[in-house]
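A.B. asks: First the structure, which I've put down as structure tokens, then a few questions once you've had a look.
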RNA sequence: GGUCGAGUAGCUCAGUCGGCAGAGCAUACGCCUGAAAAGCGUAGGGUCACCGGAUCGACGCCGGUCUCGACCA
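Residue numbers (this note's numbering): 1 to 283.
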């Protein structure tokens, strides 16, 4: 926001898997109405909480936003968020497609036969794809087999995978906090969300007609509050769980982006505006 | 003050007949192209509360000390 306000014409493109949901405002720390009035934001509030949402949906919306910004001579500032979603924009992916009937069969088989059996089958059909995922990772294995069986083409033939980093027309800057400072900020953030009414927000969403979709209900904060509402956890257990899971997620984000050699890292200690702005100004 | 129980990895706890110290979670590191705020893997980590004793050998048995908890007075 500080950068966008100083540089008229800047528009923010949100690259975040959960802020796309309407009415999920407190728990996703969605930008305020004031911020959204001051600077154009894209890719917020795209679908209802009852809808499933995936990378492909986000890529379509984000690319449309980038085209529109470019056509009016503006400059896009992408904020992530969700590592895979950002990769799909910076390194355009050929997403292979979906075969729901094939997937349904595979999901039944994985229950009966176990992930290792399907991993062996994938190794026979597409050794490269099999080598890229752990034998216990049901979801990735099912997906790779869905594509290979459904399309008749090896899953790995759809792209180089995630470990190839080509030059891109984006400047990439990463923000990194010391772990203990990060932890303290997350704890404060969780308390603030609870004070702001996160529990009521989740309770309200569950009573809407569509409820919370499979993807929406796994959002940090929402999943834990659902456990609270169903009596599986106390308030203090819920607060602790949200803080723990958020901290683990933040570290996982750091590890995801850390692999990308194109990212310039900025170490932040207390004031992100002071440390980050000068770096962005040079771009 | 007395009786009983407990003390083992950062946390919660297993540990059979005395024979190489274990799990889950946490932490660190890594993987993952239509669930990605999801999913998966690898590793590090120990004065077995402390002191002494018997034994070839003790987390385990014996004696004592400390700490915590419950109950009794």
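All C-beta atoms in this analysis are idealised placements derived from N, C-alpha and C, irrespective of residue type, glycine included. Just so we're clear, the structure is a prediction, and the values are computed from it rather than from any experiment.
1) Could you check what DSSP says for residue 42 in three-state terms: helix, strand or coil?
2) Do you know whose CA, among 217, 262, 116 and 162, lies nearest residue 21's CA?
3) How far does the alpha helix (DSSP H) with residue 133 in it reach, from first residue to last?
4) Quick one: Cα of residue 199 to Cα of residue 236, how far?
5) Since residue 11 and residue 42 should fall inside the 8 Å C-beta cutoff, what is the C-beta to C-beta distance between them, to a whole number of angstroms?
6) Which partner residues of residue 175 appear in the DSSP bridge assignment?
7) Less than 6 Å between C-beta atoms, sequence neighbours within five positions excluded: which residues of the same chain meet that for residue 159?
8) Straight-line CA distance for residue 142 to residue 4?
9) Count the other C-beta atoms from every protein chain shown that fall within 10 angstroms of the C-beta of residue 168, then say buried if there are 16 or more, exposed otherwise.
10) Since residue 246 is in the beta strand (DSSP E), which residue starts that stretch and which ends it?
11) Nearest-angstrom Cα distance between residue 65 and residue 51?
12) If you compare alpha carbons, which of 18, 280, 106 and 117 is closest to residue 220?
13) Kindly list the residues whose CB is nearer than 8 Å to the CB of residue 47, restricted to its own chain and excluding five residues on each side of it in sequence; keep chain order.
14) Is residue 91 near the ligand GTP - that is, is its Cβ less than 8 Å away from at least one heavy atom of it?
15) Going along the chain, which residues of its own chain have a beta-carbon closer than 6 Å to the beta-carbon of residue 267, five neighbours each way excluded?
16) For the beta strand (DSSP E) that contains residue 75, what are its first and last residues?
17) So is residue 37 buried or exposed if we call it buried at 16+ other beta carbons inside 10 Å?
18) Give the list of continuous beta strand (DSSP E) stretches no shorter than 3 residues that lie fully inside the stretch 165–228.
C.D. replies: In short:
1) Strand, per DSSP.
2) Of the candidates 217, 262, 116 and 162, the one whose C-alpha sits nearest the C-alpha of residue 21 is 217.
3) Here residue 133 belongs to no alpha helix (DSSP H), and DSSP marks it neither H nor E.
4) So the alpha carbons of these two residues sit roughly 13 Å apart.
5) That pair is a contact at about 7 Å.
6) Beta bridge pairing from DSSP links residue 175 with 266.
7) So the qualifying residues of the chain are 93 and 94.
8) Distance between the alpha carbons of residue 142 and residue 4: 42 Å.
9) Result: exposed.
10) No beta strand (DSSP E) contains residue 246, which is instead part of the alpha helix (DSSP H) from 235–258.
11) Cα-Cα distance, rounded: 21 Å.
12) Of 18, 280, 106 and 117, the residue nearest in Cα terms is 18.
13) Closer than 8 Å at the Cβ level, and outside the excluded window around residue 47, lie 20, 21, 22, 53 and 57.
14) For the ligand GTP, the structure offers nothing, since it holds no ligand at all.
15) Only residues of its own chain outside the window of five on either side were considered, and among them 176 have a CB closer than 6 Å to the CB of residue 267, listed in chain order.
16) Unbroken beta strand (DSSP E) run through residue 75: 75–80.
17) Residue 37 should be labelled exposed.
18) Counting whole runs of 3 or more residues, the stretch 165–228 contains the beta strand (DSSP E) stretches 172–177.
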